[in-house]
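First residue of the sequence shown: 683, per our numbering; consecutive thereafter.
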Amino acid sequence: MSIVENGIADAATVDEAVRYSFGLRLPQLGPMENADMVGTDLTYNIHDYILRDLEDSHEPPPCSSSSAMRARSASRPARASRSGRLSRSPSPTPSSMSI
């Protein structure tokens with residue numbers, strides 16, 4: 683997210699770069715797509731916890747805030763959840779997930 687926040691590349695470019703480089707060993711999601719999928723609070727909390735060890739900024743980028751991520755997810759097309767319901771929510775609730 684720091685790359686997007688610092689204007690180095692847009693979210694789609696970051697996702698594509700990860701997906702087609704070292705991301706081949708990861709699920710087929712780029713980091714921004716993953717943030718959309720797992721949800722705003724989890725993404726923010728992970729960044730808040732680990733960035734002090736991984737990056738010089740020492741705090742989550744503003745684009746990972748709940749309000750910024752909600753604004754991004756509102757512009758995305760609706761997706762079907764595992765239950766078949768359409769949703770723009772970036773993350774399913776644990777009670778809605780059945781395996």
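For glycine and all other residues, C-beta sits at the position ideal for the given N, C-alpha and C. Quick caveat, the model's predicted, so the values are computed rather than measured.
With respect to the 8 Å criterion, glycine 712 and valine 700 are classified as neighbours on the basis of their beta carbons.
Cα atoms of tyrosine 731 and threonine 725: separation of roughly 10 Å, rounded to the nearest angstrom. It is roughly 22 Å from the alpha-carbon of alanine 694 to the alpha-carbon of leucine 733.
Straight-line spacing of the CA atoms in aspartate 692 and aspartate 735 works out to 24 Å. If you look at proline 713, you'll find it in the alpha helix (DSSP H) that goes 713-720.
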